[in-house]
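Asker:
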Amino acid sequence: EPEVTQTPSHQVTQMGQEVILRCVPISNHLYFYWYRQILGQKVEFLVSFYNNEISEKSEIFDDQFSVERPDGSNFTLKIRSTKLEDSAMYFCASRKGGGGYYNEQFFGPGTRLTVL
Amino acid sequence: DAKTTQPTSMDCAEGRAANLPCNHSTISGNEYVYWYRQIHSQGPQYIIHGLKNNETNEMASLIITEDRKSSTLILPHATLRDTAVYYCIVRVPPIIQGAQKLVFGQGTRLTINP
Numbered sequence: 063e064p065e066v067t068q069t070p071s072h073q074v075t076q077m078g079q080e081v082i083l084r085c086v087p088i089s090n091h092l093y094f095y096w097y098r099q100i101l102g103q104k105v106e107f108l109v110s111f112y113n114n115e116i117s118e119k120s121e122i123f124d125d126q127f128s129v130e131r132p133d134g135s136n137f138t139l140k141i142r143s144t145k146l147e148d149s150a151m152y153f154c155a156s157r158k159g160g161g162g163y164y165n166e167q168f169f170g171p172g173t174r175l176t177v178l
Numbered sequence: 003d004a005k006t007t008q009p010t011s012m013d014c015a016e017g018r019a020a021n022l023p024c025n026h027s028t029i030s031g032n033e034y035v036y037w038y039r040q041i042h043s044q045g046p047q048y049i050i051h052g053l054k055n056n057e058t059n060e061m062a063s064l065i066i067t068e069d070r071k072s073s074t075l076i077l078p079h080a081t082l083r084d085t086a087v088y089y090c091i092v093r094v095p096p097i098i099q100g101a102q103k104l105v106f107g108q109g110t111r112l113t114i115n116p
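Just so you know, the sequences run in chain order A and B.
Per the working numbering, the first sequence runs over residues 63 to 178.
Per the working numbering, the second sequence runs over residues 3 to 116.
1) In chain order, what residues of the same chain lie with their CB nearer than 7 Å to the CB of Tyr152(A), ignoring the 5 residues before and after it?
2) Whose Cβ in chain B lies nearer than 7 Å to the Cβ of Glu166(A)?
3) Listed from N- to C-terminal order along the chain, which residues in the segment 149-160 of chain A have their beta-carbon within a distance smaller than 9 Å of any beta-carbon of chain B?
4) Along the chain, where does the beta strand (DSSP E) that runs through Met151(A) open and close?
5) For Phe107(A), return the contacting residues in chain B, with the cut-off set at a CB-CB distance below 9 Å.
6) Is the number of C-beta pairs between the segment 65-81 of chain B and the segment 69-79 of chain A that are closer than 8 Å three or more?
7) Any idea what DSSP makes of Asn165(A), helix, strand or coil?
8) Should the segment 14-27 of chain B be regarded as contacting the segment 77-92 of chain B, the criterion being three or more beta carbon pairs within less than 8 Å?
9) Based on Cα-Cα distance, which residue from Gly78(A), Asn113(A) and Ser149(A) lies nearest to Gly102(A)?
10) Would you tell me roughly how many angstroms separate the C-alpha atoms of Leu146(A) and Leu92(A), rounded to the nearest one?
11) Please state if the CB of Ser72(B) and the CB of Asn25(B) are separated by a distance shorter than 7 Å.
12) Smallest Cα separation from Thr7(B): which of Tyr88(B), Asn59(B) and Ser43(B)?
13) What does a CB cutoff of less than 8 Å around Thr75(A) pick up in its chain, not counting 5 residues either side in sequence?
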């Protein structure tokens with residue numbers, strides 16, 4: 063069964079450093095998402111991406127964040143200058159589009175980001 | 003999206019049916035009820051969704067009251083692997099509103115006991 067993959071599984075970085083979190087969505091999916099979950103808190107929406115542009119972004123997704131689909135398979139989240147409060151689990155999700163079950167979002171296993 | 007209310011936690015014995023309630027008294031006519039779950043440290047997983055009729059798939063059943071103000075997710079024969087946080091989300095389906103994000107609440111932490 064196709065699945066969303068994410069790398070790395072765990073990223074440790076120093077405050078102020080740039081990080082890039084990588085995702086490979088399911089191959090025929092058209093909509094892509096990033097969510098984050100701070101330890102012990104709710105899953106929070108960050109950004110959605112469709113047709114090579116951002117569809118929607120949350121207040122969390124400020125100028126320090128950016129997303130890119132550099133080729134036909136990868137979907138990346140970049141944090142330019144990490145802060146301590148960026149420490150969280152980051153989930154990528156993708157959705158095929160259209161009706162039925164396959165309209166729903168499939169989530170990856172997540173990348174745990176630790177900012178020291 | 004309409005607000006939902008779920009119990010913070012529930013316990014169920016292995017092999018028994020787990021019934022998870024959700025209140026959504028402000029649901030509007032075109033909003034569906036969706037259920038996702040999150041097994042510890044994993045990404046959320048879609049379970050089922052419905053509008054007004056009861057729905058069943060290989061994972062679970064969804065019972066929606068006639069007035070649509072509440073629903074119950076049923077795991078018919080719970081196993082230890084069903085221990086997870088279960089989220090009830092009310093929303094217009096993505097086919098109508100394009101990319102549309104998911105808005106997660108705190109959910110119900112379901113523990114299946116041996």
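Think of the CB as a built atom: it goes at the ideal place given N, C-alpha and C, for glycine as much as any other residue.
Answerer: This is what the structure holds:
1) The answer, listed in chain order, is Leu83, Trp96, Arg98, Leu139, Gly172, Thr173 and Leu175.
2) Near Glu166(A) (Cβ distances below 7 Å), the residues of chain B are Tyr48.
3) Answer in chain order: Met151, Phe153, Cys154, Ala155, Arg157, Gly159 and Gly160.
4) Note, Met151(A): beta strand (DSSP E), Ala150 to Arg157.
5) Neighbours of Phe107(A) on chain B, chain order: Lys103, Leu104, Val105 and Phe106.
6) Output reads no: the segment 69-79 of chain A does not touch the segment 65-81 of chain B.
7) Residue state, collapsed to three classes: helix.
8) Contact between the segment 14-27 of chain B and the segment 77-92 of chain B is present: three or more C-beta pairs spanning the two stretches fall below 8 Å.
9) In terms of CA proximity to Gly102(A), Ser149(A) leads the group Gly78(A), Asn113(A) and Ser149(A).
10) The alpha-carbon atoms of Leu146(A) and Leu92(A) are separated by roughly 32 Å.
11) Contact flag set, yes.
12) Closest option to Thr7(B), Cα to Cα, is Tyr88(B).
13) Within the same chain, Thr75(A) has close Cβ partners Val81, Thr144, Leu175, Thr176, Val177 and Leu178.
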